[in-house]
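Trainee: Using numbering that gives the first Met the number 0, the final residue of the sequence shown is 199, and nothing's skipped along the way. All C-beta atoms, glycine included, are put in the ideal place defined by N, C-alpha and C. Before I ask anything, here is the structure I am working with.
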Amino acid sequence: MNEIIIATKNAGKANEFKTFFSRYSINAISLPELSQEIADIEETGTTFAENAALKAEQIAEWLQKPVLADDSGLVIDALDGRPGIFSARYAGEPKNDQTNIDKVLHELDGIDMPDRTAHFVCVLAVAIPGDATIFKTGFCEGIINTEQAGVNGFGYDSVFIPDGYTQTMAELSSDEKNRISHRRKAMDQLETWVQTYAAN
């Protein structure tokens with residue numbers, strides 16, 4: 000069975016990728032499952048693509064195996080695109096979902112719902128030793144709610160209402176969330192490459 004390393008320590012994110020790759024009989028292995036510990040890679044890029052590539056390419060070089068990394072975040076129009084690439088650490092270190100959400104809601108205080116438009120973005124980078132890195136991007140458009148709702152999710156899911164829904168991402172079932180998420184949309188674009196890789 001072919002393998003791919005998923006450059007994440009986030010269990011929820013790893014499970015999404017595992018489910019996706021299992022359809023093609025590809026064994027997706029997250030960083031905590033490796034026998035050797037992989038040090039955190041500093042995300043010094045200025046874009047989602049640069050940060051995803053930094054992680055994928057460095058780990059692929061170390062392990063000499065195909066590595067998929069993603070960089071994702073929340074882009075809010077009324078905040079000039081913030082938190083953007085700083086989504087995970089928006090309220091500072093140590094990174095904490097709740098303090099990040101509190102900061103976003105505070106900064107949007109007084110802004111009417113029609114003007115709270117936002118989107119999640121996910122850039123996937125697949126690094127294969129000796130080959131050019133592959134990039135795929137997915138988006139999920141929506142709006143930022145005035146308060147938190149739901150417990151099924153992580154990050155900013157509890158304040159993000161996707162277009163076409165009245166519930167936050169964290170109020171949706173895992174299956175529904177995974178079907179419309181920015182990560183899933185980026186993964187769907189990987190389908191052709193995955194089919195080729197699975198056949199080799």
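Within a Cβ cutoff of 8 Å, which residues of the same chain sit near I160, ignoring the five residues on either side of it in sequence?
Mentor: Excluding residues within five positions, the ones whose Cβ falls inside 8 Å are G141, I142, I143, N144, Q166, T167 and M168.
Trainee: Less than 7 Å separating the beta-carbons of F138 and H181?
Mentor: Yes, they are a contact pair.
Trainee: Within the chosen definition, does the stretch 53–71 reach the stretch 119–128 through at least 3 CB pairs nearer than 8 Å?
Mentor: Touching, yes, given that three or more Cβ pairs across the two stretches are closer than 8 Å.
Trainee: If you pair each beta-carbon of the stretch 106–114 with each one of the stretch 29–38, do three or more pairs fall below 8 Å?
Mentor: Judged by Cβ distances under 8 Å, the stretch 106–114 makes no contact with the stretch 29–38, as fewer than three pairs qualify.
Trainee: Assuming the contact rule is C-beta atoms closer than 8 Å, G149 and E170 should be a hit. Round their C-beta distance to whole Å, please.
Mentor: That pair is a contact at about 3 Å.
Trainee: Taking the beta carbon of N199 as the centre, do at least 16 other beta carbons fall within 10 Å, making it buried, or is it exposed?
Mentor: Exposed: under 16 other Cβ atoms inside 10 Å.
Trainee: How far does the beta strand (DSSP E) with I140 in it extend, from its first residue to its last?
Mentor: The question names Ile, yet the displayed sequence has Glu at residue 140. Looking at the DSSP string, the run of the beta strand (DSSP E) that includes E140 is I133 to I143.
Trainee: Please state whether DSSP places I127 in a helix, a strand or coil.
Mentor: It is coil, neither helix nor strand.
Trainee: Could you give the DSSP three-state label for V150: helix, strand or coil?
Mentor: In this structure, V150 counts as coil in the three-state DSSP scheme.
Trainee: Just reading off the beta strand (DSSP E) that L67 is part of, what are its end residues?
Mentor: Start and end: V66 to I75.
Trainee: If the criterion is Cβ atoms closer than 7 Å, does the pair T136 and A185 meet it?
Mentor: In this structure, A185 lies closer than 7 Å to T136 by Cβ.
Trainee: Note the first and the last residue of the continuous beta strand (DSSP E) segment covering N95.
Mentor: Segment: none, N95 is in no beta strand (DSSP E) and carries neither H nor E.
Trainee: Which residues in the same chain as F16 place their Cβ atom closer than 6 Å to its Cβ, once the five residues preceding and following it in sequence are excluded?
Mentor: Hits under 6 Å: I5 and A27.
Trainee: By a C-beta neighbour count over all protein chains shown, 10 Å radius and 16 as the cutoff for buried, is D162 buried or exposed?
Mentor: Exposed, because fewer than 16 other Cβ atoms sit within 10 Å of the Cβ of D162.
Trainee: Identify which residue in L67, Q63, V158 and E49 has its Cα closest to the Cα of I262.
Mentor: As displayed, the chain neither begins before 0 nor continues past 199, which places residue 262 out of reach and without an answer.
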